[in-house]
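Structure first, commentary second.
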Amino acid sequence: MYNLNGKVAIVTGGALGIGGAAARKLASYGAKVLIADIADSE
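Per our numbering, residue 1300 is the first one in the sequence shown, and the count goes up by one each step.
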């Protein structure tokens, strides 16, 4: 499919849902992925 080797992706909201799926897909294509999210403690 896609070759993202050597690329960096920053995914906000990447812990769950669409952001999590996007982060996993980008990583599967070879990208280094930085995931940013916040914890909802309430």
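Using N, Cα and C, we set each Cβ at its ideal position, and we do this for glycine too.
All figures in this text were calculated on a predicted structure; none of them were measured in a lab.
Residue i (DSSP reduced to helix, strand or coil)
i	result
Ala1308	strand
Gly1319	helix
Leu1325	helix
Residue i - containing beta strand (DSSP E), residue span
i	result
Ala1335	Lys1331 to Ala1335
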